[in-house]
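Have a look at the structure below before the remarks.
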Amino acid sequence: MLRVVLHRLVLLPVLLLVFSIAVFALVQAPPGDFLTSYLSMLAASGSSVDQAQVDALRRQFGLDQPFYIQYFRWMQNLLRGDLGLSLEYQLPNLDLIGDYLIPTVLLALLSFVFTWLIAIPAGIYSATHLRSPLDYVITLLNYVGVATPNFMLALILMWVAFARFGISVTGLFSPDYLQAPWSLARLADLLSHIWLPMIILGIAGTARLTRIMRANLLDELHKPYVITARAKGLSEWHLVLKYPVRVAINPLVSTIGWYLPQLFSGSLIVATVMNLPNIGPLLLHALISRDMYLAGAILLIYCFLTVVGTLLSDILLAWVDPRIRMES
Amino acid sequence: MPGSVHTDDALVPPAAGRASAAEERVSLAANWKLVWWRFRKHRLAVASAAVLILLYVVVLIPDFFSTQDPEASAASQAFIPVQHLSWIVSGRIAPSVPAISGKRNPVTLRMEWQVDPSRRIPVRFFVHGYPYRVLGLIPTDIHLVGTSAEGVGVFLLGSDRLGRDEWSRLMHGTRTSMTVGLVAVAVSIVLGALLGGTSGYLGGWVDLVIQRLIELLQSLPTIPIWLAMSAALPQDWPPQKVFFAITVILALIGWTTLAREVRGRFLSLREEEFVLAAELAGCSRFRIITHHMLPAVTSHLIATSTLAVPVLIISETSLSYLGLGMRPPAISWGVLLQEAQNIQTVAAAPWLLIPGVVVITAAVAFNLVGDGLRDAADPYGH
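Here it is, written out as structure tokens:
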């Protein structure tokens with residue numbers, strides 16, 4: 031098991047290097063650069079800038095250099111832990127992203143916990159009470175949950191809260207805590223706001239997970255070992271939880287590697303609709319205004335979170351499943 | 002049985018002479034027929050298939066179902082609420098919608114609409130309206146629903162901020178969104194089946210390279226990468242070009258899942274006796290892949306790709322909603338939902354969320370049909 035983890039850890043920098051090239055190519059790809067879009071914005075508002083000044087700015091930002099030189103400069107700074115300067119805000123990217131990183135990761139992790147807390151019991155109930163009314167309700171909810179786009183759910187819930195209760199459920203902080211430094215009180219305030227985005231973000235995953243859990247458990251429930259255990263007189267509850275559930279849950283653990291990273295990047299849409307402090311909307315804005323260093327930095331952070339999420343789940347799978355642990 | 006090139010269901014055992022006609026019908030049926038018989042038993046899946054067929058009829062002739070030109074805008078007709086269609090008025094079957102009258106609120110400058118109970122606008126079927134071409138070929142002006150009254154429109158689903166008819170726009174949005182999903186899946190299938198099949202059949206270093214590539218693509222954060230790619234599309238591209246680019250962007254990551262599935266199937270099929278038999282009979286590799294292995298995975302492939310369509314439709318809708326997918330003047334479900342950008346608008350004009358209901362319906366229908374197909378295509382299913 032240690033070897034697998036080490037192998038992955040060695041691969042991690044290589045993977046990130048490949049991603050960094052892809053990401054940089056991607057943010058570089060649009061025709062024009064930040065200054066062209068900035069100039070067209072200025073032109074739209076009626077003001078103009080001296081061409082010599084534009085050229086000076088372009089040189090200062092290094093935008094006049096060829097692709098590979100820009101990339102190497104960027105990479106050099108990255109390796110020194112410097113994410114560069116945002117072209118639009120003229121602030122270090124690290125400062126811009128730093129404030130948003132904790133809420134982003136927290137939201138994804140909470141949604142993940144929520145998903146598992148709901149999906150596993152619901153799946154077990156559905157499988158053990160096949161064709162009961164509640165099983166039908168759960169199945170129906172699963173179909174609708176998988177089919178509903180995140181932002182749609184957010185819109186509907188926000189609308190209901192606004193129209194029925196007259197409250198606006200956007201943001202993650204009360205006005206008092208918006209600019210406050212981190213403290214226990216601020217964390218409590220965050221937790222009192224984060225539950226709704228957490229549910230919205232987790233619904234689709236919950237539905238998918240419940241369905242898989244139900245199907246997996248159904249396959250196991252009629253195996254001879256279950257009948258043997260029942261014949262021995264084990265209580266039904268004890269029996270189901272102790273044997274078939276443990277087998278059925280295994281394939282689910284192996285999908286964490288794919289699901290957890292999805293939550294990191296999936297929060298982008300919900301966060302944009304609900305106006306949450308999240309690196310997602312920041313990325314969206316940076317992409318539109320061609321603020322390429324900021325966009326590149328955020329994309330790279332997403333890649334990093336994704337790769338780490340996959341690594342975590344591989345370790346988890348080896349820990350849960352003795353067959354995989356022994357193999358290596 | 003080694004040496005035999007026949008498949009089992011083509012052989013009729015001698016005892017079959019006494020078997021009933023029904024049994025014989027089953028044992029002689031082609032595979033797709035068996036799949037269809039099993040699929041038919043899944044009622045919800047059949048009903049969903051009907052919904053999908055209906056949606057694709059709309060895709061073919063959206064103008065026929067529209068009541069008004071989807072681009073026709075008039076500021077004086079902004080935010081008209083849904084006009085409920087009633088079939089029976091004072092004991093007679095006479096479909097009609099209530100007449101409305103609006104006046105501008107002098108404070109908020111918004112149009113405010115009131116139902117006029119004294120007047121009703123009769124609704125007719127197969128009426129003449131704005132001219133269009135069926136499939137871009139046959140010129141006509143017949144529409145399914147409309148009104149014969151001059152100068153008034155029917156707003157079955159209300160109107161948006163620019164006074165455009167939401168129902169007609171929904172019909173045109175259906176065309177774009179349902180096609181995006183289908184085309185993106187088609188591209189994914191071609192890539193996935195080709196690369197996945199090669200990878201699974203050849204094995205060795207080819208398998209290694211393709212597998213690493215898939216792993217690389219799958220460990221990319223999908224949504225941010227999609228956004229970055231869509232943002233890179235030039236702003237001045239015409240809608241057709243954007244449409245094509247978006248489908249390619251969606252398919253670029255979508256094919257990996259399909260390739261994995263196909264590879265897994267090929268790996269297990271490679272060990273089967275009928276492949277060995279074909280090899281012994283001297284078939285070329287290409288022939289074995291195309292004539293013996295591909296048919297065996299087709300039904301499974303169809304089921305998997307049906308399940309992939311809703312994911313792509315939802316992705317397109319989300320991208321467009323964020324303003325980075327299809328863009329106006331193109332109409333898609335996501336573009337329509339963009340009108341419901343903030344909560345004040347939604348509270349004032351909740352009917353702008355109706356395209357979302359259609360998105361959910363289509364996605365549920367695709368999922369149900371996909372599940373039904375998967376169960377029906379599984380020869381070991383109960």
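Which chain is which? The protein sequence lines are V and Z, in order. Residue numbers for the first sequence follow the numbering used here, so the first one is 31 and each next one is one higher. Residue numbers for the second sequence follow the numbering used here, so the first one is 2 and each next one is one higher. Backbone N, C-alpha and C define an ideal beta-carbon position, used for all residues, glycine too. This one's a predicted model, so the numbers in the text were calculated from it and none came from an experiment.
### Query
Based on the DSSP secondary-structure assignment, which residues constitute the bridge partners of Leu115 (chain V)?
The partner list for Leu115 (chain V) (beta bridge, DSSP) reads V:Pro122.
### Where Ile89 (chain Z) sits in the DSSP three-state scheme
Three-state result, Ile89 (chain Z): strand.
### Message
Spatial neighbours of Val184 (chain Z) within its chain, please: C-beta separation below 6 Å, excluding the five flanking residues on both sides.
### Response
So the list reads Thr248, once near-sequence residues are dropped.
#### Entry: Chain-order list of residues whose beta-carbon lies under 7 Å from that of Ile289 (chain Z) (same chain, five-residue window excluded)
Around Ile289 (chain Z): Val276, Ala279, Glu280.
### Message
Assuming Ser49 (chain Z) is part of the beta strand (DSSP E), what are its boundary residues?
### Response
Counting along the chain, Ser49 (chain Z) falls outside any beta strand (DSSP E), though it belongs to the alpha helix (DSSP H) covering 44-61.
### Task
Counting only runs of 4+ residues fully inside the stretch 314-380 of chain Z, write out the alpha helix (DSSP H) ranges in chain order.
Taken in chain order, the complete alpha helix (DSSP H) segments of 4 or more residues contained in the stretch 314-380 of chain Z are 334-338, 344-349, 355-378.
### Message
Give me the chain V residues within the contact set of Asn368 (chain Z), using Cβ-Cβ distance strictly less than 8 Å, ordered along the chain.
### Response
Against chain V, a Cβ distance below 8 Å from Asn368 (chain Z) picks out Tyr173, Val176, Ala177.
### Query
Of all the options V:Thr134, V:Pro211, V:Ala157, which has the alpha carbon lying nearest to the alpha carbon of Met243 (chain V)?
Among V:Thr134, V:Pro211, V:Ala157, the Cα nearest to that of Met243 (chain V) is on V:Ala157.
### Task
Pull up the DSSP beta-bridge partners for Thr141 (chain Z), would you.
Z:Tyr133.
### Task
Would you mind reading off the limits of the beta strand (DSSP E) that contains Gln115 (chain Z)?
Taken as a continuous stretch (DSSP letters only), the beta strand (DSSP E) holding Gln115 (chain Z) covers 112-123.
### Query
Got a sec: is the Cβ-Cβ distance from Thr302 (chain V) to anything in chain Z below 8 Å?
Residue-level contact check: Thr302 (chain V) touches chain Z, since one or more beta carbons of chain Z fall below 8 Å from its beta carbon.
### Task
With 8 Å as the C-beta to C-beta threshold (strictly closer), list the residues of the stretch 275-302 of chain V near chain Z in chain order.
Of all residues in the stretch 275-302 of chain V, only Trp288, Pro291, Gln292, Phe294, Ser295, Gly296, Leu298, Ile299, Thr302 place a beta-carbon less than 8 Å from a beta-carbon of chain Z.
### Task
Please name the residue in Z:Arg120, Z:Pro311, Z:Ser189, Z:Ala260 whose C-alpha comes closest to that of Ala364 (chain Z).
Taking only the C-alpha atoms, the option nearest Ala364 (chain Z) is Z:Pro311.
### Message
Is the separation between the beta-carbon of Val135 (chain Z) and that of Gly147 (chain Z) shorter than 8 Å?
### Response
Not in contact: Val135 (chain Z) and Gly147 (chain Z) (Cβ atoms no closer than 8 Å).
### Query
What is the DSSP secondary structure of Pro82 (chain Z), reduced to helix, strand or coil?
Coil at Pro82 (chain Z), not helix or strand.
### 7 Å Cβ shell around Asn368 (chain Z) - same chain, five flanking residues per side excluded
Excluding residues up to 5 positions away in sequence, Leu308, Pro311 lie with their Cβ nearer than 7 Å to the Cβ of Asn368 (chain Z) in the same chain.
### Assumed close pair Ile81 (chain Z), Ser160 (chain Z) - CB separation to whole angstroms, cut-off 8 Å
Separation of the CB atoms of Ile81 (chain Z) and Ser160 (chain Z) is rounded to 4 Å, and the pair is thereby assigned contact status at 8 Å.
### Message
Only counting the same chain, and skipping five residues up and downstream in sequence, which positions put a Cβ closer than 8 Å to that of Ile62 (chain Z)?
### Response
A distance below 8 Å between beta-carbons, with the five flanking residues on each side excluded, links Ile62 (chain Z) to the following residues of its chain, in chain order: Val135, Leu136.
### Buried/exposed call for Glu24 (chain Z), threshold 16 Cβ in 10 Å
It counts as exposed.
### Task
Give the residues of chain Z in contact with Leu56 (chain V), contact being defined as C-beta atoms less than 8 Å apart.
Chain Z residues near Leu56 (chain V): Ile226, Ala229, Met230, Ala233.
### Query
So, does the CB of Ile186 (chain V) fall closer than 8 Å to a CB anywhere in chain Z?
Closer than 8 Å to some Cβ of chain Z, the Cβ of Ile186 (chain V) qualifies, so yes.
### Query
From Ile230 (chain V) to Ser70 (chain V), what does the alpha carbon distance come to, in whole angstroms?
Rounded to whole angstroms, the gap between the alpha carbons of Ile230 (chain V) and Ser70 (chain V) is 37 Å.
### Query
Is DSSP giving Lys104 (chain Z) helix, strand or coil here?
Assignment of Lys104 (chain Z) by DSSP, reduced to helix, strand and coil, places it in the strand class.
### Query
By a C-beta neighbour count over all protein chains shown, 10 Å radius and 16 as the cutoff for buried, is Ser319 (chain Z) buried or exposed?
It is buried - the Cβ of Ser319 (chain Z) has at least 16 other Cβ atoms within 10 Å.
### Message
Check this for me: beta carbons of Val199 (chain V) and Leu217 (chain V), under 8 Å apart or not?
### Response
Leu217 (chain V) is positioned such that its CB atom lies no closer than 8 Å to that of Val199 (chain V).
#### Entry: Selection of the stretch 191-223 of chain Z by Cβ proximity to chain V, strictly under 8 Å
Here the close residues are Leu217, Gln219, Ser220, Leu221, Pro222, Thr223.
### Integer-rounded CB distance, given that Phe156 (chain Z) should sit under 8 Å from Gln84 (chain Z)
About 5 Å separates the two Cβ atoms, so the contact holds.
### Query
What first and last residue would you give for the alpha helix (DSSP H) that runs through Thr148 (chain Z)?
Counting along the chain, Thr148 (chain Z) falls outside any alpha helix (DSSP H), and DSSP gives it neither H nor E.
### Query
My guess is that Gly263 (chain V) and Gly339 (chain V) are in contact by the Cβ rule of under 8 Å, so how many angstroms apart are they, rounded?
Rounded, the Cβ-Cβ distance is 43 Å, inconsistent with contact.
### Query
Which residues in the same chain as Leu324 (chain V) place their Cβ atom closer than 6 Å to its Cβ, once the five residues preceding and following it in sequence are excluded?
Here the set comprises Ser116, Asn123, Ala316.
### Query
In whole angstroms, what separates the C-alpha of Ser97 (chain Z) from that of Pro123 (chain Z)?
C-alpha separation (whole angstroms): 4 Å.
### Task
Would you mind telling me which residues of chain Z sit closer than 7 Å to Val48 (chain V), beta carbon to beta carbon, in chain order?
By Cβ distance, chain Z contributes Leu217.
### Query
Are Val303 (chain V) and Ala138 (chain V) close, meaning C-beta to C-beta below 8 Å?
No Cβ-Cβ contact shorter than 8 Å links Val303 (chain V) with Ala138 (chain V).
### Separation of Gly182 (chain Z) from Leu313 (chain Z), as counted between CA atoms
Rounded to the nearest angstrom, the two C-alpha atoms are 5 Å apart.
### Message
Against chain V, with Cβ distances strictly below 8 Å, would Ile361 (chain Z) count as a contact?
### Response
Chain V, which has a Cβ nearer than 8 Å to the Cβ of Ile361 (chain Z), makes this yes.
### Message
Looking at chain V, is there any beta carbon in it that lies within less than 8 Å of the beta carbon of Ala364 (chain Z)?
### Response
Look at Ala364 (chain Z): its C-beta is under 8 Å from a C-beta on chain V.
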